[in-house]
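Chemist: Using this note's numbering, the letters of the sequence shown correspond one by one to residues -13 to 737. Note that CB positions come from ideal geometry on N, CA and C, so glycine has one too. I have a structure here, written as structure tokens, and I will follow up with some questions on it.
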Amino acid sequence: METVVVQKYNLDEEQEKKEIVRHYRALLRALKPRLKKGDRELVRTAFEMAADAHKDMRRKSGEPYILHPLAVAQICVEEIGLGVRSAICALLHDTVEDTEVTLEDVEREFGSEIAHIVDGLTKISTVIDSSTSTAQAENFKKILLTLADDPRVILIKLADRMHNMRTLDSMSREKQLKIASETVFIYSPLAHRLGLYNIKSEMEDLAMKYTEQQTYRDIAKKLKETKRERTRYINEFIKPIKEVLQEEGFDFEIYGRPKSIHSIYNKIKTKGVAFEEVYDLFAIRIIMNSPLEKEKADCWKVYSIITDFYHPSPERTRDWLSNPKSNGYEALHVTVMGPQGKWVEVQIRSKRMNDYAEKGLAAHWRYKEGNQSPASQESKFDQWFTQIREILNNPDSNTLDFLADFKSNLFTEEIYVYTPKGDLKILPVGSTSLDFAYAIHSAIGNKCIGAKVNYKLVPLSHKLRSGDQVEIITSNKQKPSEDWLNFVLTAKAKSKIKDALKEEKRQIAMDGKAQLERKLDHQKISASQHNINELVQFYKQPSPLDLYYQIAIRNIDLKELKQFTVLGDKLEPPKPVKQPEHQHQPEEHLKHQGPSKKDAELIIFGESSDKIAYKLANCCRPIPGDDVFGFITASEGLKIHRTNCPNAAQLLANYGHRVVKTKWVKNREISFLTGVRIIGMDDVGVIHKITNIISGELKVNISALTIESREGLFEGLIKVYVHDKEELDELVDRLKRLDGIQSVNRLEEEQ
């Protein structure tokens, strides 16, 4: 890919004026096919307003600032395919933020539509602090809010970023790294998702030019050195195809195109090969000028012609004609064995498809307005915007969760899976059968107990692959579990599971509320808002709902209520306010305390039997009876690990001074989450036998159960609540005695 070389700026005032006029006229020429009556005057007014507002401003390169909005407008029109109004917005995009021009000035001169877009551009122009993930995610969220509102905002912003990347040479090294990093982090994935492949590729290449300077130069040099040989090979490859296409009377273009430096670098990294071993340094592109109704048939005819000359690789054939990507991309890709035993990728598209591939969302609008877009195509971006809104509308996700959801749902590759009736569902790679259930309907997801994939029974956590046919199995007795959040991928599934858990918590909390009101009534105390708030504060709960919930599940027993003073109808807490032992205390606040809550009595530390607030490590999930040690962390207080924990050796060897001697104190009133892996013969009724022993005979609560069956064997992961190691050992022993069971082992770490 050719990169833009920024010349050292050295123009006098007269030359500057000529340069500005030259850029302005180039913009008018690009807009000419789209200009309607009165448009030229509007563009001129916008140019004059921007030129006047930026007249005393210069870029880091020394050039007049107005050249930047002119360049952004040019990119919008020529490279993205936007129209007159977007060009006007591009000219004005920095005026409200950087000059004395107000939004009211813009609205008065150009109307509310343009003012609205300029306002959106102003709101997302805040520089991202690339050292802070949260700040990046917050900015990303702002961008997506504007995208869901009016996509032109982000398209213009992408043009703005594209020009900034092309002129990055004039910035300091620190700024170059910062801007290049945030471009790869936010803008190039957005360009890809909006179908702007050329812009996405150039952004990635330019970012790599600054973040991986030596590697970039090495690959660029090798591409240049092999260009003549590559051109000769491409001509040899396309010659017979071109001749037949001409004989058949097709109207077409055919050419070879080198892959981007960034994509070549990714192949070198992922495949662990040298530059010389990357077989697909270029792709052949064939673009057919076919009417809409003949597009697919013509593409397949071209495929047939190609495979008459060159043998195809079936596993490398990609049919995006039948199932376009969710960003609108349509094409037929085939990889064939070319001359000299080299694999060559060929991309076959119609002119309309190619326009989509290069102009993405903007092309979608243009064809839609002209009624030249197939019905299946029209909904692609609408579906994507619906997905965006689903993620944005989840009020409970924090900013970094939001970013993770967005990237995993909207920037990843996709799989195509089918219902038993043949209806297609498109999901991100890594989606499970439970994600599929929620994709059908939230009610189906909430009641899902398993699935049949290609007629075989699979657990909820089973990861799907393209082409799978999935039948969901439901039960009215099923309800969502918090454990489900550990393996679902899609934002919709996560959101609906959290909603269901929140509703279940609310219902449980209502029982706790009733218990509290009865207790207060028994002691002749009013259940007023003041008194409830006093109790919330005393028990260190985030809200009354959390207080009610903790009462309902018996984490709070209200014994301390007797220590309160009643003045009139108001509760006054005892002094000093007692610290709940259950809650985490930072390392610097660890101190001796007397026992007051059940779980604080579970474990004691050191020779003096001190009782200290602690947490159980998730990496090994210790339970009473395990050999354990306490480890003082820098940020999470004291954590309890098993001595055979996967992390124990490192912690004990490197941080011995932070290790605290610990031992358990017996308490049968509290249960702990742990798990077992069970493998055996896949016989009828085996699951019933297992659950009957655990829940029926041993009276142990099951938190989660997943079973995967393969070639006559099954493997199950069972999470249970036990009181101590003795109870777990008995459970393992009983399961081992079942007929057909090969092994039962405790899970040694969180899974």
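Examine the Cβ distances between the stretch 170 to 181 and the stretch 144 to 151 and report whether three or more of them are shorter than 8 Å.
Modeler: These segments touch.
Chemist: Hey, could you find the ends of the alpha helix (DSSP H) residue 150 is sitting in?
Modeler: Position 164 of the sequence shown, counted from the first residue, corresponds to residue 150. Segment 138 to 152, the alpha helix (DSSP H) holding residue 150.
Chemist: By the DSSP assignment, the beta strand (DSSP E) with residue 286 in it spans what residues?
Modeler: Your numbering for residue 286 matches position 300 in the sequence shown. Careful: residue 286 lies outside any beta strand (DSSP E), inside the alpha helix (DSSP H) at 281 to 295.
Chemist: Taking the alpha-carbon of residue 606 as reference, which of 551, 557 and 662 has the nearest alpha-carbon?
Modeler: The residue given as residue 606 occupies position 620 in the sequence shown. Of the candidates 551, 557 and 662, the one whose C-alpha sits nearest the C-alpha of residue 606 is 662.
Chemist: Taking the straight line between their C-alpha atoms, what separation do you get for residue 558 and residue 511?
Modeler: Here residue 558 is taken as the residue at index 572 of the sequence shown, counted from 1. Here residue 511 is taken as the residue at index 525 of the sequence shown, counted from 1. Looking at the two C-alpha atoms, the distance is approximately 11 Å.
Chemist: State whether the stretch 680 to 690 contacts the stretch 462 to 475, with contact taken as three or more CB pairs (one from each stretch) at a distance under 8 Å.
Modeler: Yes, since at least three Cβ pairs between the stretch 680 to 690 and the stretch 462 to 475 fall closer than 8 Å, the two stretches touch.
Chemist: Determine the burial state of residue 49: buried for a count of at least 16 other Cβ atoms within 10 Å of its Cβ, exposed for fewer.
Modeler: Here residue 49 refers to the residue found at position 63 of the sequence shown. By the neighbour-count rule (16 or more Cβ atoms within 10 Å), residue 49 is buried.
Chemist: Which word fits residue 592, buried or exposed, when buried means at least 16 other C-beta atoms lie within 10 angstroms of its C-beta?
Modeler: Here residue 592 is taken as the residue at index 606 of the sequence shown, counted from 1. Note that residue 592 scores 46 on pLDDT, short of 50, meaning its location in the model is unreliable and no value can be drawn from it.
Chemist: Just confirm the distance between the C-beta atoms of residue 264 and residue 292, as a whole number of angstroms; I'd bet it's less than 8 Å.
Modeler: For this step, residue 264 is matched to residue 278 along the sequence shown. For this step, residue 292 is matched to residue 306 along the sequence shown. 22 Å between Cβ atoms; not a contact.
Chemist: Count the other CB atoms, across all protein chains shown, that sit within 10 Å of the CB of residue 442; report buried if there are 16 or more and exposed otherwise.
Modeler: Counting from 1 along the sequence shown, the entry for residue 442 is found at position 456. Answer is exposed; the Cβ neighbour count stays below 16.
Chemist: Under a three-way DSSP split, which group does residue 226 fall into?
Modeler: Looking up residue 226 in the sequence shown gives position 240. It is helical.
Chemist: What does a CB cutoff of less than 6 Å around residue 701 pick up in its chain, not counting 5 residues either side in sequence?
Modeler: As a first step, residue 701 must be located in the sequence shown, where it is residue number 715. 665 and 694.
Chemist: Going by beta carbon distance, what residues of the same chain come within less than 6 Å of residue 303, once the five residues before and after it are set aside?
Modeler: On the sequence shown, position 317 is the one that residue 303 refers to. Excluding positions up to five away in sequence, the list reads 320.
Chemist: Can you tell me whether residue 341 is helix, strand or coil according to DSSP?
Modeler: The count along the sequence shown starts at 1 and reaches residue 341 at position 355. Three-state DSSP puts residue 341 in a helix.
Chemist: So, with DSSP's three-state summary, where would you put residue 184?
Modeler: Position 198 of the sequence shown holds residue 184. Helix at residue 184.
Chemist: Mind checking residue 65: buried by the 16 CB within 10 Å criterion, or exposed?
Modeler: For the purposes of this step, residue 65 is taken as residue 79 along the sequence shown, with counting starting at 1. Residue 65 comes out buried.
Chemist: If you draw a straight line from the C-alpha of residue 725 to the C-alpha of residue 290, how long is it?
Modeler: Residue 725 sits at position 739 when you count from the first residue of the sequence shown. Residue 290 sits at position 304 when you count from the first residue of the sequence shown. Residue 725 and residue 290: Cα-Cα distance of roughly 57 Å.
Chemist: Counting only runs of 4+ residues fully inside the stretch 425 to 479, write out the alpha helix (DSSP H) ranges in chain order.
Modeler: Within the stretch 425 to 479, the complete alpha helix (DSSP H) runs of at least 4 residues are 428 to 432.
Chemist: How should residue 217 be labelled, buried or exposed, when 16 other C-beta atoms within 10 angstroms of its C-beta is the threshold for buried?
Modeler: Residue mapping note: residue 217 aligns to position 231 of the sequence shown, counting from 1. Under this definition residue 217 is an exposed residue.
Chemist: Inspect the CB distances between the stretch 713 to 725 and the stretch 668 to 681 and report whether three or more fall short of 8 Å.
Modeler: Output reads yes: the stretch 668 to 681 touches the stretch 713 to 725.
Chemist: Using 10 angstroms around the beta-carbon of residue 728, count the other beta-carbons present and answer buried if the total reaches 16, otherwise exposed.
Modeler: Translated into positions along the sequence shown, residue 728 becomes position 742. With fewer than 16 Cβ atoms within 10 Å of its Cβ, residue 728 is classed as exposed.
Chemist: Say the cut is 6 Å; is the CB of residue 600 nearer than that to a heavy atom of the ligand ZN?
Modeler: The ligand content of the structure shown is nil, which means the ligand ZN is not present either.
Chemist: With a threshold of 16 other CB atoms inside 10 Å of the CB of residue 581, please say whether the residue is buried or exposed.
Modeler: Numbered from its first residue, the sequence shown carries residue 581 at position 595. Low per-residue confidence applies at residue 581: pLDDT is 33, beneath 50, and the placement is therefore not dependable enough to give any value.
Chemist: Residue 97 to residue 165, Cα distance in whole Å?
Modeler: Position 111 of the sequence shown, counted from the start, is the residue given in the question as residue 97. Position 179 of the sequence shown, counted from the start, is the residue given in the question as residue 165. Approximately 33 Å, taken between the alpha carbons.
Chemist: Within a Cβ cutoff of 6 Å, which residues of the same chain sit near residue 463, ignoring the five residues on either side of it in sequence?
Modeler: Numbered from its first residue, the sequence shown carries residue 463 at position 477. For residue 463, where only same-chain residues beyond five positions count, there are no Cβ hits under 6 Å.
Chemist: What are the start and end residues of each continuous beta strand (DSSP E) run of 3 or more residues lying completely inside the stretch 478 to 556, in chain order?
Modeler: Taking only runs of at least 3 residues, the beta strand (DSSP E) segments lying wholly in the stretch 478 to 556 are 551 to 553.
Chemist: By how many angstroms is the C-alpha of residue 87 removed from the C-alpha of residue 94?
Modeler: For the purposes of this step, residue 94 is taken as the residue at position 108 of the sequence shown. For the purposes of this step, residue 87 is taken as the residue at position 101 of the sequence shown. Looking at the two C-alpha atoms, the distance is approximately 11 Å.
Chemist: Can you find the residues in the same chain that come closer than 8 Å, C-beta to C-beta, to residue 723, ignoring five residues on each side of it along the sequence?
Modeler: Within the sequence shown, numbered from 1, the residue matching residue 723 stands at position 737. Here the set comprises nothing.
Chemist: Check residue 8 in the structure and name its three-state DSSP category.
Modeler: For the purposes of this step, residue 8 is identified with residue 22 of the sequence shown, where counting begins at 1. Helix at residue 8.
Chemist: In the structure shown, what three-state DSSP assignment does residue 275 receive?
Modeler: Along the sequence shown, one-based indexing puts residue 275 at 289. Of the three classes helix, strand and coil, the one that applies to residue 275 here is coil, per DSSP.
Chemist: According to DSSP, which residues form a beta bridge with residue 305?
Modeler: Locating residue 305 in the sequence shown gives position 319, where the first residue counts as 1. For residue 305, which the question treats as bridged, DSSP gives the partners 318.
Chemist: Please return the same chain residues whose Cβ sits closer than 8 Å to the Cβ of residue 531, not counting the five positions on each side in sequence.
Modeler: What you label residue 531 is simply residue 545 of the sequence shown in a count that begins at 1. These residues qualify, in order along the chain: 491, 492 and 495.
Chemist: Would you say residue 659 and residue 707 are within 7 Å of each other, going by their C-beta atoms?
Modeler: One-based indexing of the sequence shown puts residue 659 at position 673. One-based indexing of the sequence shown puts residue 707 at position 721. Yes. Within cutoff.
Chemist: Hey, which unbroken runs of the beta strand (DSSP E) at 3 residues or more fall wholly within the stretch 203 to 261?
Modeler: Complete beta strand (DSSP E) runs here, min 3: 238 to 244.
Chemist: Taking just the CA atoms, how far does residue 474 sit from residue 703?
Modeler: Taking the sequence shown and counting its residues from 1, one reaches residue 703 at position 717. Taking the sequence shown and counting its residues from 1, one reaches residue 474 at position 488. For residue 703 and residue 474, the distance between alpha carbons rounds to 16 Å.
Chemist: Taking the C-alpha atoms as reference points, what is the distance between residue 554 and residue 649?
Modeler: The count along the sequence shown starts at 1 and reaches residue 554 at position 568. The count along the sequence shown starts at 1 and reaches residue 649 at position 663. Residue 554 and residue 649: Cα-Cα distance of roughly 47 Å.
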